[in-house]
Amino acid sequence: TMQNASFHIYTTGALKKDETLKFTITGKVQDTTVNPNIMQNKALLISVGAFGVVLILAGVWLFLRDRKREVEVDEEDEDEFDDPDSLMDAIIALDDLHRAGKLSDEAYQKRREELKNALKRKS
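Here my numbering = 1-based position in the sequence shown + 3.
Next up, the structure:
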């Protein structure tokens, strides 16, 4: 008996290559219904549940941390220029860089729009 299962071991002499082995199995199959017990591995279930909770909490913490960083970056961007004159100077410098070919069109348009919006807020 091994793990609540009975079995028999049969042996035979040496078989030659391509020799046929015939045997017959008789008897009736026993009805063995097993009702799985979900609480059988309580420690495993508790561990998996605790790990899931830790993952969720870590995800929430990372989300809130990243959101806080975005707010700080936005505040830094707003404080980048103190007055409208410095904003105008930045726009002119940006135009010069673009004309000289040192700035891609996409970056130029994006930054110029940001500076124009900041200028509107300062005015």
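Heads up, the beta-carbon is just placed ideally off N, CA and C, and yes, glycines get one too. Keep in mind the model is a prediction, meaning the values are calculated, not measured.
Thinking residue i and residue j are a contact (beta carbons under 8 Å), I'd like their distance in whole angstroms, please.
| i | j | result |
| --- | --- | --- |
| Leu90 | Leu118 | 6 Å |
| Leu97 | Arg72 | Actually they are not in contact, since the Cβ atoms of Leu97 and Arg72 sit about 25 Å apart, beyond 8 Å. |
| Phe84 | Ala121 | 6 Å |
Can you find the residues in the same chain that come closer than 6 Å, C-beta to C-beta, to residue i, ignoring five residues on each side of it along the sequence?
| i | result |
| --- | --- |
| Leu106 | Leu100 |
Pick helix, strand or coil for residue i, following the three-state DSSP scheme.
| i | result |
| --- | --- |
| Ala93 | helix |
| Ala53 | helix |
| Ala103 | coil |
| Asp110 | Checking the sequence, you will find Ala at residue 110 rather than Asp. DSSP places Ala110 in helix when its eight states are reduced to three. |
| Ala61 | helix |
| Ala8 | strand |
| Glu22 | coil |
| Phe84 | coil |
| Asp69 | helix |
| Asp98 | helix |
| Gln43 | helix |
| Lys125 | helix |
| Lys119 | helix |
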